[in-house]
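The numbers in the UniProt record's numbering rise by one with no breaks, and the one at position 13 of the sequence shown is 13.
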Amino acid sequence: MGITVGPSLAKQLRSIYGTTNVAVQGVDYGAGFMGAVTGAMMQGDGVANMLKHTKTIMDKCAETKIILAGYSQGAEQVHGTLKGLGEKAARLGRNLTKTCLFNDRA
1 MGITVGPSLA KQLRSIYGTT NVAVQGVDYG AGFMGAVTGA MMQGDGVANM
51 LKHTKTIMDK CAETKIILAG YSQGAEQVHG TLKGLGEKAA RLGRNLTKTC
101 LFNDRA
């Protein structure tokens, strides 16, 4: 979630759950001015990257709890990831503990 919300959220999660129990993974994606102005969904590489990380965690660490979070156009990436999980979506209920969307237009 960039430098706006991400570091503060990570710090708070670590203070609640313990520093050794929280891993934070940023996701690269192309945010565009027009998407910010119009609210148009600009999913693509960000969704692909978030899906890859989420599926890897679900496959390798079946009991791990996952929090998906995004700010503004990052929230769009979370929406796209939830839609893109496909058959794994049924398993997500065991893993997904929170979804945190900031400044979400959807």
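Note that the Cβ used here is the ideal one computed from N, Cα and C, for glycine as well.
- Task: Quick one: grab the DSSP three-state call for T56.
- Result: helix
- If you draw a straight line from the alpha carbon of T97 to that of L68, how long is it in whole angstroms? 9 Å
- Task: Let me know if G86 comes out buried or exposed under the rule of 16 or more other beta-carbons within 10 Å of its beta-carbon.
- Result: exposed
- T64 versus V24: straight-line alpha-carbon distance, rounded: 13 Å
- Message: Once DSSP output is grouped into helix, strand and coil, what is the label at K83?
- Response: helix
- Item | Among D45, G26, L9, nearest to G84 - alpha-carbon criterion | D45
- Item | Same chain, Cβ closer than 6 Å to S72, neighbours up to 5 away in sequence not counted | N103
- C-beta atoms of G80 and V27 nearer than 8 Å: no
- Can you round the beta-carbon distance between T54 and I66 to whole angstroms, since I take them to be within the 8 Å contact cut? 6 Å
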